[in-house]
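Residue numbers (this note's numbering), protein chains in the order written: chain A, 32 to 295; chain B, 20 to 327; chain C, 2 to 235; chain D, 79 to 438; chain E, 416 to 787.
Every residue, glycine too, gets a C-beta built ideally from N, C-alpha and C.
Below: one structure, written as structure tokens.
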Amino acid sequence: MSEPILRAEHLGITFGGLKAVSDFNMTIGKGELVGLIGPNGAGKTTVFNLLTGVYQPTEGEFFLDGKRMNGKKTYQVVRAGIARTFQNIRLFKQMTVEENVLVAFNESFTYKMGGAIFRTPRFWKQESDMHAKAIDLLRIFNLEGLANTEAANLPYGAQRKLEIARALATGMKLLLLDEPAAGMNPTETEDLLNCINTIRDRFGIAILLIEHDMSLVMNVCQRIQVLDYGRTIASGLPEEIANNPQVISAYLGSDDDTDSEEEN
Amino acid sequence: MGNQIIMFISQIFNGLKIGSVYSLVALGYTMVYGIIRLINFAHGDFIMVGAYVLMLTIPAIIACGLPAWLSVVPAILVCVAVGVIVEKAAYKPVREKGNNMTALITAIAMSLLLENGSQAVFGADYQTIPTIIQIPSIAIGDLKIDGATIVTVLLGIIIMIALQLFVSHTKQGKAMRAVSEDKEAAILMGINVNSTITLTFAIGSGLAAVASLMYCISYPQVSPMMGAMLGLKAFVAAVLGGIGSIPGAMVGGLVIGVVESLTKAYIGTITGGVITSAFADAIVFGILIIVLLVKPSGLMGEPESEKV
Amino acid sequence: MLDIKNLSVSYGAIDAVKNISLHVDDGEIVSLIGANGAGKTTTLHTITGLVPAKSGSVMFNGHDLLKERNHNIVTFGMAHIPEGRHVFTRMSVQENLEMGAFSLKDDSTMSDDLDMVFGLFPRLKERRRQLAGTLSGGEQQMVAMGRALMSHPNTILMDEPSMGLSPKLVKEIFAIIKKLHAEGITVLLVEQNAKMALSIADRAYVLETGSITMEGDAKELLHDEKVRKAYLGA
Amino acid sequence: MKKSMLSIKQSYIVCAIGVVVLFGVLMGVCETGAVSLYVKGIIMTCCIAVIMTTSLNLTIGVLGQLTLGCCGFEAIGAYSAALFSKLLVANGVVMNDTVRFLLVTVAGGLVACIFGVLIGIPALRLHGDYLAIITLGFGEIIRVIIQNLKVAGGEGLDKGQQGQALIGIDRLANLYVVFWITVVTVVLLFMFARSRYGRAVKAIRDDEIAASASGINITYMKVLVFAISAFFAGIAGGIFAQYIGALTPSMAGWLQSINYVIMVVFGGMGSLTGSIVSAIGLTILPELLRAFSDYRMLVYSVVLVLIMIFRPQGIFGNWEFSLPKAINRIFYPKGKKGKNGDAGKAEATGVEETKEAKHE
Amino acid sequence: GGNMYATSEDSMKLSDNSVITLGSVTTNSGAAAAYGEAEVNGFKLAVSEINASGGILGKQIKLKSMDDKGDVIEASNAFNRLAGEKDVIGILGPTISSTTGAVAPLADQNQLPSIAPAATSDSIETGGYLFRTCFKDSYQGEIAAKFAAEDLKVKKVAVLYGTGDPYSSGVGKAFVNAAKKAGLEVVAEENSSSADDTEYSSQLQKVQAAGAEFLYAPYYYSAAGPYIIPQARAVGYNGYIMGPDGYDGLQITGNKARYNKVLYTTHYSPDDTSNKKVQKFITSYKKANNGASPNTFTALGYDSVYMFKQAIEKAGPNASRADIRKAIYGMSFSGVTGKFTLDSHGSPKKSVIVLEMKNGKPTYRSTIEPAK
Ligand SMILES: Nc1ncnc2c1ncn2[C@@H]1O[C@H](COP(=O)(O)OP(=O)(O)OP(=O)(O)O)[C@@H](O)[C@H]1O
Ligand SMILES: Nc1ncnc2c1ncn2[C@@H]1O[C@H](COP(=O)(O)OP(=O)(O)OP(=O)(O)O)[C@@H](O)[C@H]1O
Ligand SMILES: CC(C)C[C@H](N)C(=O)O
Ligand SMILES: [Mg+2]
Ligand SMILES: [Mg+2]
């Protein structure tokens with residue numbers, strides 16, 4: 032097998048004594064869709080923060096396409112090819128939907144300050160090319176009609192989708208999705224599932240997905256890794272995970288213990 | 020050698036003299052900032068209002084045969100009234116409709132209004148305040164320590180402890196903390212947000228009156244502009260200590276006073292005259308900048324890191 | 002008992018809730034379901050006065066809530082667990098719970114109440130000194146619930162208590178709702194997790210872009226074809 | 079998307095014509111002696127305020143970072159330009175007045191820009207009120223340093239005496255030249271804001287973490303904006319020095335800076351139009367209030383408080399005036415969005431590139 | 416390009432108007448408002464006196480006052496505005512040196528005679544249309560050094576001044592230079608950032624430690640009275656303290672004895688009975704202002720108006736602005752602030768009066784005549 036897109040080796044981070052993530056290992060190949068699950072506070076979001084340079088690991092290293100990414104700032108990691116969405120939606124609220132996407136295209140523009148100021152032909156050409164590309168991208172998520180709406184005024188579900196569209200516009204190789212279905216009802220979740228499949232097929236990218244909605248995770252992930260207290264407690268195929276007793280007791284909860292939980 | 024040490028200690032006390040006033044003023048800034056995240060630029064001018072009230076009432080108080088410092092009572096009443104009116108009339112509507120920046124501009128405009136208003140009433144000239152109280156200085160050998168300084172520092176510490184206890188242990192204090200963290204959740208707990216904010220303003224403004232008293236004991240003069248620089252320095256003190264933190268305000272004020280004093284005393288000698296005592300203000304700001312760069316939330320402030 | 006009549010709410014030009022009527026009887030669990038942006042949160046916010054209503058009435062045990070000052074509503078026995086938990090992040094778990102009892106005139110029952118909450122959520126007892134902001138999402142949800150219980154409510158409004166929680170915690174939360182119900186507390190439950198919500202509720206309303214489009218027995222709605230398609234992802 | 083009747087490029091031409099017409103009017107009234115020296119002085123002051131405010135708007139309104147030290151940069155620009163001008167004369171360099179004016183003004187801008195970068199790199203690590211206070215601190219430090227520089231006092235250069243006003247600066251500022259500098263400043267700021275750079279800056283304002291997760295180098299962009307603001311503040315300072323002819327360190331003080339912050343917020347953060355109008359309005363307002371003599375500043379502060387209470391988003395919010403749009407509205411009235419009152423909202427979502435700020 | 420600075424050839428003459436209009440540009444708001452306010456009080460008193468006694472050449476005087484906030488731009492605008500009003504025949508002001516420095520070239524370009532009552536900086540002289548009524552900074556510093564050496568016969572002197580204030584630092588530096596020339600030993604040269612600090616103990620302590628017998632502290636009454644002098648005494652400094660005319664109106668707080676051995680140079684002495692103008696000025700000021708006492712700035716403002724009166728009377732009923740300027744140039748004048756002659760730069764050569772505080776009251780000590 033050739034070099035995987037992502038290779039994380041013994042990644043770990045400590046927050047003032049608390050080991051939020053330790054000995055985290057993962058490889059993701061091209062076009063793969065991997066799930067990352069675990070109880071609240073297990074360290075899933077922290078893994079994303081490590082992989083995108085928001086936090087610097089206190090141990091271990093990780094590679095994108097074989098290139099070591101430790102010590103890189105967020106924007107450098109993103110330019111190298113890892114993009115993400117956020118658990119608490121972070122859009123550019125006072126900008127339009129299209130502008131949100133254009134911001135992420137920023138690196139694809141090559142005109143410089145002089146070009147902008149003198150409005151050179153190159154400026155006009157790139158601006159109109161990017162506009163077309165942005166609208167194309169929005170179309171995948173059925174957002175093209177809202178291109179000129181201020182992001183703050185979007186319905187929640189649309190905001191989640193716009194976040195994904197914006198991440199895609201960075202032109203990444205690996206997409207990290209942090210609870211994209213949170214706050215969606217099952218029907219909306221299904222719609223999202225289709226979107227995720229579409230983009231994976233169309234862009235041929237790798238995806239790492241954090242999600243508590245098991246219907247989504249079990250349906251779309253090829254492999255799943257489970258964290259608890261910052262450590263990997265299981266990893267494997269969806270069916271294996273669903274039946275792993277450790278995962279059940281830490282995360283899924285058994286179907287019949289709902290009444291016993293409250294008593295202890 | 021001994022002389023040098025005495026000199027050094029008295030320089031520290033020189034710094035504590037103004038520093039303790041900064042602390043009192045900074046406590047007011049911090050209270051208000053802590054709850055509504057507004058730099059109340061007019062706070063320094065509340066001190067000015069308090070000082071004018073002292074000036075006007077002291078003769079009457081003395082005429083009644085009471086000690087002059089009791090004029091702090093009318094000063095507190097007037098300052099509280101001014102603070103509450105400013106909050107209700109100007110800050111509240113802006114807070115509800117605008118953003119942080121417009122609230123800040125309103126505070127600046129309020130400050131201009133108080134300054135120009137009192138100039139219209141009292142004239143621009145400086146006026147002296149009669150002696151409020153003679154606090155004897157303490158002599159330890161060659162070292163002479165100004166009594167007012169000690170009283171102000173002690174008063175500052177007492178107020179700081181009282182505020183800290185109030186905020187962390189009383190129901191009203193907890194309501195303040197709750198409002199400062201999350202107004203909506205506070206309402207759901209049954210907290211009257213508006214009256215809590217008003218109470219905070221009242222306390223902050225009342226503190227301003229106490230600060231006026233202590234200020235006027237050491238610096239017996241009033242003018243419409245007296246609050247501007249004092250307010251700025253005290254605000255810097257509050258930020259240095261970590262704005263929102265009650266002990267931070269106290270520490271920040273004292274640190275700034277002492278730094279100022281030591282700079283004035285020693286910087287020329289240390290730098291061989293390249294940098295003179297005229298740089299005192301620049302050095303205070305320089306220290307503030309360094310502290311903020313190293314510890315962005317100030318000496319005792321809680322870091323406000325955003326969880327991603 | 003809570004009775005809402007012809008309630009409309011708008012944010013500037015946006016009409017978020019349009020002329021809805023609903024009621025919750027004593028001891029019932031009533032669930033309010035609907036897509037994102039349907040107006041569920043807005044409805045709850047209007048009931049407890051966080052958002053002003055445009056028209057309509059909200060009666061609660063003889064009080065006209067729209068005329069009351071919002072911070073007094075909790076004293077009538079209504080608690081609201083807001084969307085997104087809204088715990089006081091820089092206060093400890095215990096202080097958060099104590100804030101829940103802010104509206105009580107008499108705090109002699111405080112320690113009993115704390116014991117009651119800690120009995121319900123043993124995890125909170127372990128973490129009573131920890132700052133709430135450093136808790137995990139599920140633990141914060143427990144704090145929010147416990148805090149609401151501290152005010153001796155007879156009615157609780159819950160806004161998406163399962164959001165962002167692990168499957169195991171979701172089960173726990175629902176178990177607790179059932180338990181509260183068993184103790185006679187009235188619950189108005191807003192949920193995305195429509196399946197779970199409908200399965201524990203007595204009755205339910207479906208909200209679509211600000212209007213109530215369906216209402217009825219929860220079990221019946223659970224099996225309704227339209228509801229299944231729109232909200233259960235059948 | 080709303081169709082514009084004029085194409086973007088046509089609209090630029092319309093704006094250019096508008097500016098030229100405005101200049102024609104200015105020249106007309108000046109040459110025919112219709113306006114007094116007083117009015118010319120006020121126009122000059124307005125130009126300086128417009129440059130300061132629009133460039134500060136880039137930092138405060140577009141980047142969303144509150145700074146209270148802009149006059150520090152203005153002072154650096156002013157002193158540099160003044161001293162450079164004296165230096166040229168002292169060394170017997172002979173050149174046309176306008177050339178010297180432009181040369182030293184730009185030099186002032188560049189020096190301010192360098193300081194902008196030096197100060198920006200550490201300062202911009204902070205946010206919100208902390209950034210405000212740290213920039214205020216830098217402004218005060220600049221003031222104290224100028225105050226203690228020998229060369230910045232008295233007659234400057236070799237005759238300098240610290241603590242004195244710097245006087246005897248050649249008063250080369252010519253209203254027409256300054257007018258064009260102002261136009262160029264506004265145009266440059268507009269072009270910058272309406273490009274990928276401006277978009278990146280706005281993204282940082284809305285959410286820094288998301289902006290860096292979209293591949294934007296936050297530090298670079300922030301320092302860039304800070305440097306641009308400082309550059310234009312320096313230019314304004316250079317003009318100021320050569321208009322007034324005398325400088326004192328107090329011009330770097332925080333109270334002065336706050337004045338410009340008031341102008342930006344008052345006009346509406348992020349609105350170039352707002353900045354221009356409020357810079358002009360708040361420059362003229364105290365002049366109009368001269369009738370109230372002693373109560374002038376009192377009235378001014380009351381007006382300020384009232385406007386903030388009743389219009390907290392600033393007079394223009396984030397609306398931009400656009401001459402081409404106005405023309406479209408007049409000549410193609412069938413366009414449905416013709417109501418004056420709603421113009422703001424309609425423009426905000428309209429075709430972006432046609433929004434051109436033109437100053438009145 | 417438009418020449419901003421064209422002169423107004425069609426300047427009016429006095430005879431064109433039935434009243435004589437004087438403009439004033441002073442600092443009436445902001446940090447220095449107190450000084451501007453005092454000047455304006457002086458203007459008003461003089462104008463009402465003159466009008467009551469028949470005006471100038473039979474015409475009443477009208478005062479057009481403008482505030483400059485202590486800001487150079489505002490001062491320039493206000494000046495230009497007044498210059499544009501053709502009936503304005505002369506300007507009183509500006510108040511502080513920085514605004515005066517900005518206005519000085521405008522006065523020349525507009526050919527509008529201006530008398531600044533209290534702007535003391537050495538650097539503002541043009542020799543054109545701008546004149547002043549006060550001493551300049553260097554002059555007072557030199558006099559003080561001379562006085563310390565010759566009159567008080569001290570050896571070790573110290574100086575404290577505010578670098579942020581042109582007046583304070585200008586006078587202070589002049590003193591240092593003159594003191595060294597006069598053979599005095601300058602044992603401490605201390606600075607404050609500005610002239611309106613409230614705390615000077617640190618510097619004063621060093622002055623005390625350096626063993627100074629004489630401290631020159633050029634500040635205004637507002638800093639010297641309540642802060643510098645009491646603080647100096649509090650750190651144990653008991654030597655002489657001397658200041659410039661800014662000390663006039665010194666405010667006494669607390670124990671009066673602390674102010675003994677405080678001296679200052681000024682324009683006039685309130686208890687000087689030899690100058691009738693002084694007594695008349697003080698009594699009529701008190702009458703007009705509920706018994707409040709005037710200070711130097713009031714006196715200087717008052718004299719400035721009378722300087723215009725004298726010049727206008729000399730220039731005659733047909734005078735233009737330029738004629739009035741000619742009449743002011745080199746004039747000899749005798750007023751409340753002394754007898755003086757304006758030199759070729761527009762600054763007066765004045766005798767200086769030294770006052771000494773005795774029991775909280777300024778008392779006459781000596782008069783120093785200007786060096787010829
Ligand atoms: N900046 C930080 N400082 C201190 N502790 C942190 C920080 N970020 C995360 N933590 C802690 O690290 C642990 C893991 O948090 P993380 O957000 O990664 O959990 P998660 O698995 O994403 O949980 P959830 O499913 O609730 O989102 C938690 O205990 C959290 O409190
Ligand atoms: N503060 C606000 N200002 C403007 N519009 C708002 C505001 N809050 C909500 N809205 C709008 O009101 C409508 C109803 O929102 P609401 O939050 O009540 O929906 P919801 O049913 O709770 O949705 P969700 O499932 O996403 O929580 C939405 O269109 C939303 O965009
Ligand atoms: C009125 C005074 C404060 C003016 C001062 N002498 C100056 O030259 O600035
Ligand atoms: Mg997470
Ligand atoms: Mg909701």
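Should residue i be flagged as near chain D, meaning a C-beta pair shorter than 8 Å?
| i | result |
| --- | --- |
| A/I44 | no |
| E/G585 | yes |
| B/K314 | no |
| B/D300 | yes |
Say yes only if the C-beta of residue i is nearer than 7 Å to one or more non-hydrogen atoms of ligand 3, and no if none qualify.
| i | result |
| --- | --- |
| E/S536 | yes |
| E/T541 | no |
Is residue i near ligand 4, in the sense that its beta carbon is under 7 Å from a heavy atom of that ligand?
| i | result |
| --- | --- |
| B/K252 | no |
| D/D207 | no |
| A/D96 | no |
| A/D209 | yes |
Closer than 8 Å, CB to CB, is residue i near chain A or not?
| i | result |
| --- | --- |
| C/M164 | yes |
| C/K55 | no |
Answer yes or no: does any C-beta atom of chain B fall closer than 8 Å to that of residue i?
| i | result |
| --- | --- |
| C/H153 | no |
Is it the case that the CB of residue i approaches a heavy atom of ligand 5 more closely than 7 Å?
| i | result |
| --- | --- |
| C/D160 | yes |
| A/K104 | no |
Quick one: what does DSSP say residue i is sitting in, helix, strand or coil?
| i | result |
| --- | --- |
| E/A560 | helix |
| C/T156 | strand |
| B/G34 | helix |
| A/L42 | strand |
| C/N7 | strand |
Using a beta-carbon distance below 8 Å, is residue i in contact with chain E?
| i | result |
| --- | --- |
| D/Y496 | Residue 496 of chain D lies beyond the residue range present for chain D, which begins at 79 and ends at 438; the question has no answer from this structure. |
| D/D248 | no |
Spell out the partners DSSP gives residue i in its beta bridges.
| i | result |
| --- | --- |
| B/A158 | B/K163 |
According to a CB-to-CB cut-off of less than 8 Å, which residues of the region 167 to 180 of chain B neighbour chain E?
-> none
Checklist line | Interface residues of the region 379 to 405 of chain D facing chain B [CB-CB below 8 Å] | finding: Correct list: S379, V380, L382, V383, M386, I387, P390, Q391, G392.
Proximal residues, the region 126 to 153 of chain B versus chain E, C-beta separation under 9 Å:
E134, N135, Q138, G142, A143, D144, Y145, Q146, T147, I148, P149, T150, Q153
Mind checking the region 213 to 225 of chain A against chain C and listing, in chain order, the residues whose C-beta falls within less than 8 Å of any C-beta there? A213, G214, M215, N216, P217, T218, E219, T220, E221
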